[in-house]
Amino acid sequence: MSSNSPRRAALVALAAVAALWLGSLAGCSDMTLFRAESDYFPLMASSRWTYDVAGNTAIDSVAGDSSVDDRACVVVLRDYAPEYWTKQATEVRQLTRLTANRDGQDYVLEERYGLVYQLPFVQGATWSESFRDTVVLMGTDTVFLKDSLSGHVAAIEDVATPAGTFVQCYRVETHREVEAAELSFTADYAEWLAPGVGLVKRVTGTDSTVLTGYEPGH
Amino acid sequence: MLSLLIASLLVTGGFEAGGGVGVVFPASGLESNHSDAALFGVNLGYKTGPSRFMLDYGYAGLHAKQASPYRLDINELSVGYGHEFIVGRPATTSDWGFEASAAAGVGLFGRTLGSVGETGKSPSGHLGVGFFQRQNHSRLSLGLDNIVFIESQSAGSARTVALTDLIELKGGVTYVF
Chain L
1 MSSNSPRRAA LVALAAVAAL WLGSLAGCSD MTLFRAESDY FPLMASSRWT
51 YDVAGNTAID SVAGDSSVDD RACVVVLRDY APEYWTKQAT EVRQLTRLTA
101 NRDGQDYVLE ERYGLVYQLP FVQGATWSES FRDTVVLMGT DTVFLKDSLS
151 GHVAAIEDVA TPAGTFVQCY RVETHREVEA AELSFTADYA EWLAPGVGLV
201 KRVTGTDSTV LTGYEPGH
Chain X
219 MLSLLIASLL VTGGFEAGGG VGVVFPASGL ESNHSDAALF GVNLGYKTGP
269 SRFMLDYGYA GLHAKQASPY RLDINELSVG YGHEFIVGRP ATTSDWGFEA
319 SAAAGVGLFG RTLGSVGETG KSPSGHLGVG FFQRQNHSRL SLGLDNIVFI
369 ESQSAGSART VALTDLIELK GGVTYVF
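Which chain is which? The protein sequence lines are L and X, in order. Here the first sequence is numbered in the numbering used here, starting from 1 and rising by one per residue. Here the second sequence is numbered in the numbering used here, starting from 219 and rising by one per residue.
Now the structure itself:
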């Protein structure tokens with residue numbers, strides 16, 4: 001027993017040195033598992049985000065669950081205007097409703113849950129969706145509709161906002177193009193989504209939106 | 219001096235080499251969007267008295283819970299120590315009992331979604347308990363391991379530390395030289 005003890009101690013020391021060597025190989029970790037387990041678009045009831053939008057304050061909040069167009073969704077009040085979102089493990093969609101006005105009456109050109117994000121976020125991932133339709137208004141007015149969106153996970157970055165510094169944010173760049181008579185528009189914007197928080201920053205051209213406060217829901 | 223010590227250890231102890239399979243259960247939040255996965259591993263060991271010193275490599279590929287081209291690959295290399303508590307010794311060439319083990323290592327990760335992906339690494343720590351049976355040149359084992367991957371990042375004056383748990387149920391066969 002006594003002859004084994006120094007040998008065992010030496011082996012323990014060797015194992016400890018090897019473990020330290022392995023640990024040093026790891027160095028500063030890359031937070032890969034942290035990103036893998038994090039929710040980048042939490043939609044918990046009563047969550048509340050406050051943003052600075054070009055000097056003005058905007059408040060987003062989760063109002064609760066609902067059902068629109070025969071589909072369960074989450075109602076998000078974006079500056080008190082309702083938006084309808086669905087979220088699954090592989091995607092996030094938002095109800096898109098485009099209406100055209102003819103002679104004082106609104107006609108629906110498009111009403112569907114359009115793809116916004118593909119999940120889970122992985123750097124370099126891209127997604128796209130295109131919707132086309134032809135709508136005849138008032139019997140003679142034909143409107144050709146095209147609504148396309150493409151997204152790209154461009155980077156993993158830390159973002160400093162008035163609400164704090166958020167690490168391991170995904171920067172998502174989105175291009176949306178709508179062709180529908182007088183409603184046509186093109187939009188390019190970059191969004192930073194933080195783990196456990198969601199949108200913390202958005203830049204559209206020269207305009208920016210930054211998070212100033214966040215109260216998680218339950 | 220070190221080489222002499224290592225040489226003396228080589229002639230007084232016993233080497234083991236083997237492999238194992240099992241199931242890995244993600245925990246600590248990872249389970250919300252990752253499914254359980256099969257685990258494969260190989261190991262080298264050195265035994266002297268009730269002490270076992272192990273060099274382990276393990277791999278598990280975790281998929282998304284919904285149909286998706288997403289996968290999280292976890293490779294881990296660890297160095298560990300196990301202490302055997304022998305309960306029964308029915309013959310001079312056989313025994314059985316329980317083993318408690320601890321290990322430290324490094325995890326290498328890959329997250330892929332179709333053709334794109336991210337890679338990363340982090341230190342890890344293990345605690346395990348298991349049953350073993352040794353007979354002649356073979357050693358069978360069945361045990362539970364709790365692996366914690368420790369990730370950290372500083373941003374300004376704050377530091378974010380994330381601990382990710384994986385629970386492994388694994389069985390193995392080892393050849394005792």
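Each residue gets a CB set at the ideal place from its N, CA and C atoms; glycine is no exception.
Y51 of chain L and A45 of chain L - do their beta-carbons sit closer together than 7 angstroms? Cβ distance not < 7 angstroms, so A45 of chain L and Y51 of chain L don't count as in contact.
Using a Cβ-Cβ distance cut-off of 7 angstroms, determine whether Y288 of chain X contacts chain L. For Y288 of chain X, the answer is yes, since a Cβ of chain L falls inside 7 angstroms of its Cβ.
According to DSSP, which residues form a beta bridge with V122 of chain L? Residue pairing for V122 of chain L: DSSP places it in no beta bridge.
For A320 of chain X, tell me which candidate among X:E369, X:G236, X:S370 and X:H344 has the shortest Cα-Cα distance. Nearest in C-alpha terms to A320 of chain X, of all of X:E369, X:G236, X:S370 and X:H344, is X:H344.
Closest to R352 of chain X by C-alpha separation, out of X:P308, X:K283, X:L326 and X:H252, would be which residue? Closest option to R352 of chain X, Cα to Cα, is X:P308.
Top-ranked residue by Cα proximity to S29 of chain L, from X:G390, X:V324 and X:G348: Taking the Cα of S29 of chain L as reference, the smallest distance to any Cα among X:G390, X:V324 and X:G348 is reached at X:V324.
Would F41 of chain L count as contacting chain X if we go by Cβ distances under 7 angstroms? No, F41 of chain L lies away from the interface with chain X (no Cβ there is under 7 angstroms from its Cβ).
Could you tell me which residues DSSP pairs with F395 of chain X in its beta bridges? In the DSSP output, where bridge partners are listed per residue, F395 of chain X has none listed.
Assigned secondary structure, S2 of chain L (DSSP; H/G/I helix, E/B strand, else coil): Note that S2 of chain L has pLDDT 48, beneath the 50 cutoff, so the model's placement of it is unreliable and the number below is only indicative. Note: S2 of chain L maps to coil in three-state DSSP.
Assuming the contact rule is C-beta atoms closer than 8 angstroms, T119 of chain L and T90 of chain L should be a hit. Round their C-beta distance to whole Å, please. Looking at the sequence shown, residue 119 of chain L is not Thr but Leu. That pair is a contact at about 6 angstroms.
Quick check on N251 of chain X: buried or exposed, where buried means 16 or more other Cβ atoms within 10 Å of its Cβ? Classification of N251 of chain X: buried, given that the 10 Å Cβ count is 16 or more.
Which residue wins for smallest C-alpha separation from L384 of chain X, given the options X:V394, X:I365, X:S370 and X:Q371? Nearest in C-alpha terms to L384 of chain X, of all of X:V394, X:I365, X:S370 and X:Q371, is X:I365.
Where the beta strand (DSSP E) containing E157 of chain L begins and where it ends: Unbroken beta strand (DSSP E) run through E157 of chain L: D141 to T161.
Under a Cβ-count criterion, where at least 16 other Cβ atoms within 10 Å of its own Cβ denotes burial, should P341 of chain X be classed as buried or exposed? Result: buried.
V239 of chain X to G332 of chain X, Cα distance in whole Å? Here the alpha carbon of V239 of chain X sits roughly 27 angstroms from the alpha carbon of G332 of chain X.
Continuous beta strand (DSSP E) stretch holding F243 of chain X: start and end: Note, F243 of chain X: beta strand (DSSP E), G232 to P244.
Give the straight-line distance between the Cα atoms of A187 of chain L and E294 of chain X, rounded to the nearest whole angstrom. Going by the C-alpha atoms only, they are around 44 angstroms apart.
From Q224 of chain L to M138 of chain L, what does the alpha carbon distance come to, in whole angstroms? Because residue 224 of chain L is not part of the residues shown, which for chain L are 1 to 218, the question remains open.
Test: V200 of chain L CB closer than 7 angstroms to a CB of chain X: Not flagged as an interface residue toward chain X: V200 of chain L, since no C-beta distance is shorter than 7 angstroms.
With 7 angstroms as the threshold, decide whether the Cβ of F395 of chain X is near any Cβ in chain L. Against chain L, the CB of F395 of chain X has no partner CB under 7 angstroms away; the residue lies outside that interface.
Interface residues of chain X facing V122 of chain L [CB-CB closer than 9 angstroms]: The contacting residues are Y288, R329, T330, L331, G332, V334, G335 and E336.
Assuming V167 of chain L and A373 of chain X are in contact, meaning their beta carbons sit under 8 angstroms apart, how far apart are those beta carbons, in whole angstroms? Indeed they touch by this definition, with Cβ atoms about 5 angstroms apart.
Give me the chain L residues within the contact set of E369 of chain X, using Cβ-Cβ distance strictly less than 8 angstroms, ordered along the chain. Per Cβ cutoff of 8 angstroms: S29, D30, M31, T32, L33 and F34.
L248 of chain X versus chain L: which residues are under 8 angstroms apart at the beta carbon? Scanning chain L for C-beta atoms nearer than 8 angstroms to the C-beta of L248 of chain X yields L33, A36 and E37, reported in chain order.
Is the beta carbon of R97 of chain L closer than 7 angstroms to that of Y113 of chain L? Remark: C-beta atoms of Y113 of chain L and R97 of chain L do not approach each other more closely than 7 angstroms.
In terms of residues, what are the limits of the beta strand (DSSP E) holding E336 of chain X? Its beta strand (DSSP E) spans residues V334 to Q353.
By the 7 angstroms beta-carbon criterion, what residues does the segment 114 to 148 of chain L contribute toward chain X? Of all residues in the segment 114 to 148 of chain L, those with a C-beta nearer than 7 angstroms to a C-beta of chain X are P120, V122, Q123, G124 and A125, reading in chain order.
In terms of alpha-carbon separation, which member of L:R35, L:R48, L:Y40 and L:D39 lies closest to G217 of chain L? Residue L:R48 is the option with its Cα nearest to G217 of chain L.
Kindly provide the ranges of any beta strand (DSSP E) runs that are 3 or more residues long and lie completely inside the segment 29 to 104 of chain L, ordered along the chain. Listed in chain order, the beta strand (DSSP E) elements of length 3 or more contained wholly in the segment 29 to 104 of chain L are 48 to 53, 56 to 68, 71 to 78, 81 to 87 and 91 to 102.
Excluding the 5 residues flanking A380 of chain X on each side, which residues of the same chain have their C-beta closer than 6 angstroms to its C-beta? Only E369 meet the Cβ criterion.
On a Cα-Cα basis, can you pick out the residue from X:L360, X:P287 and X:D274 that is closest to G335 of chain X? Considering only alpha carbons, the answer is X:P287.
According to DSSP, what are the bridge partners of L387 of chain X? Under DSSP, L387 of chain X takes part in a beta bridge, and its partners are X:V241 and X:L362.
Is A26 of chain L helix, strand or coil by DSSP? Confidence at A26 of chain L is low in this model, with a pLDDT of 49, below 50, so the placement of that residue should be treated as unreliable; the coordinate-derived value is given next. Helix at A26 of chain L.
Straight-line Cα distance separating E302 of chain X from S359 of chain X: Whole-angstrom Cα-Cα distance: 12 angstroms.
Which class does A180 of chain L belong to by DSSP, given the choice of helix, strand or coil? Correct three-state label for A180 of chain L: coil.
Just checking: is the beta-carbon of V53 of chain L within a distance shorter than 7 angstroms of some beta-carbon in chain X? So no, V53 of chain L is outside the interface.
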